[in-house]
Amino acid sequence: MDETPARRRTALRVAVGWGIGAIALTLAPIGVGGSAASAADGPSVSGPTGAVRPGDVVTIRGSGLTGCPSNTVDVYLASVNGGSSGEYDDLLAAGLPVDPAHGNSIAFRHAVPAPIYSSNGATGQIVQAVNRIVVRCPGQEKNLAQTPIEINEFRREGTASPPADLRTRRILVEPATGLPGTEVTLWTNLRCGQANASDDAEVTWDGHFLAKLSIANPAGESYRFIVPEGPTRGPRPITVSCFAQGPGMPDNGVTLRTEFQVPEPKLTVTPAQATAGRPLRVEGSGFVGCGRPIDGGAGVLTVRHGTNEFGRVPVAADGRFAGEVVVPSGLADGAGALTVACAGGAGYDGDVSVQLAVVAATKDAEPVGDRSEAAVNLPSPADLFDEPRPVVVAGATALAALPVLGFSAELFNRTWAENRLRIRRRLRPGAARPRSQPRVPELQVLAFIVLSAATCVAVEPGTGWNAGTGALALALVAAVPLGVLVYEGPAEAYRRRISRVRALPHLVPGALVVAVLLAAASRLLGLAPGYVYGLFLAFTSAGLRRMSPADEGRAIALGSWSLAGLAVVSWVWRIPVTHVLNDSDGAPFGWVLAEDLLTQCFVASVVGLVFGLLPMRFMDGHALWRWNRWAWAAIYVAALFLFTLTLLDPTGVAGGTTRTMWLRSMYLFAGAAVLSVLFWATFRLRPARPPVTP
C-alpha cells in the first residue's frame, strides 16, 4: 500500500522535470532568435559594392540608427592611412532625420568625393589605407555604424592662384550658392601653427564638422567639397578655425565665417487662379533629392490642394520640374495652399506651397485672365534648354526623320510621275483649263485672312464669345498674313528680279485642305497649341514666267529661312511678355493680345515649314528638294527640330520627359511612310488597263 504513493510521487517528479525541460527547449530558440534579432536591428550602414570613382552618384542606406539626441545623423567619407596624420573626413550628409517608422533608417544618393588616400595605395605613402562610410550623431566623434568603400583615386588639389580679394576677406566660397551635390571651392588664409599637425584647421558646415584642412601656404589654401545632403535650406554658415589654440599662434582664437546659400524650393503656378476641370501648369526647382530617387528611377512630385491631389509631375536630377495637372471637375470654390512635395515622402527636400484660389466649373468657364490655352502651354526656351534630354531627343528625331521622309517623298513622286495621266483623269476628268490671272486679287487676300483666322480659332480649345477669343482672333488676323508676307515676300521678290514678270496673289485650294485636316486633328487630339497651317496664299503669273529649277529652289530657300527667322524671333520675344502676365494679378488685354500674336506667329511658322516643305509634288518643298537636297535638309531639320521640341508634347518636355514626344513623332513620320507605300501599292497592284484596239 505504501509503495503505490511513492511510485506516484516519483512519476510526478519525472513528469515535472520533463515538462520543465520541454519548456526550456521550447524557449531556447526564442532567446537565441531574440539575440540574433537584436544584433540584426543594431546600427548599420551600406554603400556601393565594388570600386567607385569620384563623382559617381551612389546610394547610401542606414538602419537601426538610434541614440542620437536630435534623432538626426551625419554621414561622412572617412579616409585614413594608419599613419600619424590621423583621419580625414568629408561630410556627405548633415542632419539627416532618422525615420523611426521604417527601422530608424536613412537613405539618400550623393556624389562620391575624392578621398585624401586611395584605397589601392596609389599615393605611395600609405601604411594601411582604408576608406569608409561612417554614421555619427551630430557633434560626436563615436561612429554609430561604418562600412568600407573602395575608391582607387586620391585628391589632387588645384594649382590655381588664390582670389585677389582673399587677403582682405580671408574666407570665401566659389560658387556662393547651390543645391546639395554642388561642388564648391573654399578659400582661406587662416594662419595656424607651422609644426607637424598644428597647422590643421577645422572647417564646419552649419555647425557640423565638414573637414580638416592643412594650411601651409601663407597666401591661402583651397579645399573642394560637395554640398552635403540634408533638409535645411537658406543661408548655411561655414566657419574655419585652428585646432590648436594658445599663445604664439598667428590666429589664436580667430574664427573666420562666411555663408553659402542653399536655395529654397521654388514654385510657379499658371494661371494664377485655377478653374475646376481645367489644366494647371506647375513649374519650379529645388527638389534635387527627389530628382535622384533611391531606386534609380524617375523622380515624381505630388501636387495637392488641401487634401485633394491634383496629379503628379516629373522632376529632373537637377531638381527642376515642370508639368501639367488637371484640377478635379467637382472641386468647389475656395482658396487654399497648393503644395508640391516628393511622392511617397522620399528625399529630404521638404515641400513648397503657394496660395491658390479655385473657381468651380461652369458651362461658360474661361481661361483665367483670358489667356489662350495655346499661349499658356507653349514652353519658352528657358523651360526647354535647362533640361538636355528633350533637346537631344528632338535633335535625334529630326535627323532620323530625314531619310524616312526622303524615302516617302521619292516613292510618292516616282509613283506620281509614272501614273500622272491616270491620276489626272481621276482627279480632273476632261481637258484642263488654262491658268489665268486671278480676278479681284484684293478679295482673295481678304478671303485668305478670314479663312486663316477662322480655321486657327477653331483649333483653340475653350473658345467662345469672350475677350480671350477676341484677342486670339485679332492676333490671328495679324499673325497669319505676317507669316505669308515673311515667306512669300522674299521668294516673290527674287522670282520677280530673275524673271521680270509680275505675279498676283491667289488662294491655294490644296493648302486649304491641309489646314482643315490639321485643324480637325488638333481639335480631336486636344493639342494645345494646335497645328495651324497658314500658307494659303501664293503668287501666280498665269504661266508667263519661266523659272529654272535652281532659281525656283533658291526662291523657296529665301522664303523658308525668313519664316524660320520669324519663328525664332517670336519665340524669344514671348519670354518678357509671358513673365509680365505670370507676375500680374490680372491679364491686361494688350499683353494677352501680344502673347497670342507671338504664339501664333511661332506656331504657324513652324507648322508651315514642316508641312509646306515636305518634298512632295505640288508642295514648295519639292522645288527645294529638286534643286539641292542638302539645302532642303538644312532648312527642314531646323524646322523639324523646333516642331518636335515644342509642339509634339509642349507640357511634357518642359519637365524633361520625352516618351510622349518620341511616340508622337514616331507615329507621325511612320504614318507618312505608310501613306506613301499605300499610294505606291494602289497603282502597283492595279496596273493600267491596256488600250482597247478597234
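Heads up: the sequence shown begins at 1 in this note's numbering, then just goes up one per residue. C-beta: ideal position from N, C-alpha, C; glycine also.
I60 and A341 have their alpha carbons spaced roughly 22 Å apart. For A557, the closest C-alpha among the options D56, Y494, Q600 and G395 is that of Y494. By the beta-carbon neighbour count (other beta carbons within 10 angstroms, threshold 16), Q355 is exposed. Excluding residues up to 5 positions away in sequence, V112 lie with their Cβ nearer than 6 Å to the Cβ of D56 in the same chain. Counting only the Cα atoms, R224 lies some 51 Å from L593.
It is roughly 26 Å from the alpha-carbon of G67 to the alpha-carbon of E202.
For A317, no alpha helix (DSSP H) run applies, since DSSP gives it neither H nor E.
The segment 256-269 and the segment 294-302 do not touch, with fewer than three beta-carbon pairs separated by less than 8 Å. Secondary structure of L613 (DSSP, three-state): coil. Taking D200 as reference, the option from G207, H208, D206 and L190 with the minimal CA-CA separation is L190. For H622, the uninterrupted alpha helix (DSSP H) run begins and ends at D620 to W627, by DSSP.
Each residue's CA atom was taken as its position, placing G284 and E552 some 48 Å apart.
Judged by beta-carbon spacing, R167 lies beyond the 8 Å limit of W205, meaning their Cβ atoms are not closer than that value. Boundaries of the beta strand (DSSP E) harbouring T270: K266 to T270, taken from the DSSP string.
The DSSP-derived three-state label of N582 is helix. Here DSSP, grouped into helix, strand and coil, assigns F287 to coil.
Within its own chain, the residues whose Cβ lies closer than 6 Å to the Cβ of S241, once the five positions on either side in sequence are excluded, are E202 and T255, listed in chain order. With fewer than 16 neighbouring CB atoms inside 10 Å of its own CB, E141 falls in the exposed class. According to the DSSP assignment, R169 belongs to the alpha helix (DSSP H) that extends over L166 to R169. C-alpha of V73 to C-alpha of A176: approximately 25 Å in a straight line. For C68, there is no enclosing beta strand (DSSP E), as DSSP marks it with neither H nor E.
Beyond the five residues adjoining it in sequence on each side, I294 comes within less than 6 Å, by CB distance, of T59 and A107 in the same chain, given in chain order.
Counting the other Cβ atoms within 10 Å of the Cβ of L65 gives 16 or more, which makes it buried. When V75, L482 and Q261 are compared, the shortest CA-CA separation from G234 is found for Q261. Beta-bridge pairing by DSSP links D90 to L77.
DSSP, read as helix, strand or coil, puts Y348 in coil. Contact between S560 and I635 holds, with the beta-carbon distance rounding to 5 Å and staying under 8 Å. For N143, the uninterrupted beta strand (DSSP E) run begins and ends at N143 to P148, by DSSP. Annotated three-state conformation of I238 is strand, per DSSP.
Counting the other CB atoms within 10 Å of its CB gives T682 a total below 16, which places it among the exposed residues. With distances taken between CA atoms, R132 lies nearest to T147 out of T147, N143 and G139.
Here R132 carries a strand assignment [DSSP, helix/strand/coil].
Boundaries of the beta strand (DSSP E) harbouring L301: G299 to H305, taken from the DSSP string. R320 is positioned such that its CB atom lies no closer than 8 Å to that of A343. L96 sits in a strand when the DSSP states are folded into three classes. Looking from the CA of A398, the closest CA among L640, A375, S570 and V98 belongs to L640.
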